[in-house]
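When we follow the working numbering, the leftmost residue of the sequence shown carries the number 27, and every step to the right adds one.
The next block holds one structure in the form of structure tokens; read it before the comments.
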Amino acid sequence: MIQYSRPLPAGITPCDPNHHPQWVETRGAPRSHPVARPCPPHHHIECHRCGIATVPSPSRAITEARWHDPSAHIPIHDLARVREQIAAAVANAA
Ligand SMILES: [Zn+2]
């Protein structure tokens, strides 16, 4: 997997003016993902100061909406596990 991180796009409110959350795009599949099954790029927003991230989504609009919805936040250390669940669901739906 390859991850591209960049600062939050203008217009998205950070969790705290002193924090520097990142917009992260993940390409490629987790290790457990079946070869030859599709796994679209996913986006999430994470803040290491808060220790939270949004549930990854292939949609930028959903990612932005989740950032503003604390119930869609997960601990950063859960990202890998949640990403594998999402990839498995995508593979099963294919
Ligand atoms: Zn923060």
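Ideal Cβ placement from N, Cα and C applies to all residues, glycine included.
Residue i Cβ short of 7 Å to ligand 1 heavy atom set
| i | result |
| --- | --- |
| Arg32 | no |
| Asp42 | yes |
| Pro96 | no |
| Arg75 | yes |
| His45 | yes |
Extent of the continuous alpha helix (DSSP H) to which residue i belongs
| i | result |
| --- | --- |
| Val108 | 105-119 |
| Ala87 | 86-93 |
Span of the beta strand (DSSP E), counted from its first residue to its last, around residue i
| i | result |
| --- | --- |
| Val50 | 48-53 |
| Ser31 | 28-33 |
| Ile100 | 99-101 |
| Ile208 | Shown here, the chain extends from 27 to 120; a query on residue 208 therefore has no answer. |
| Ala62 | Per DSSP, Ala62 belongs to no beta strand (DSSP E) and is neither H nor E. |
| Thr80 | 78-80 |
Whole-angstrom C-beta distance between residue j and residue i, which should lie under 8 Å
| i | j | result |
| --- | --- | --- |
| Glu51 | Pro67 | 6 Å |
| His47 | Cys41 | Just to set this straight, residue 47 is Pro in the shown sequence, not His. Going by Cβ atoms, the distance from Pro47 to Cys41 rounds to 6 Å, so yes, they are a contact pair. |
| Ile102 | His74 | 7 Å |
Tell me, please, whether the region 56-64 touches the region 75-83 by the rule of three or more beta-carbon pairs shorter than 8 Å.
no
Evaluate contact between the region 90-98 and the region 110-119, counting only Cβ atoms and requiring at least three cross-stretch pairs below 8 Å.
no
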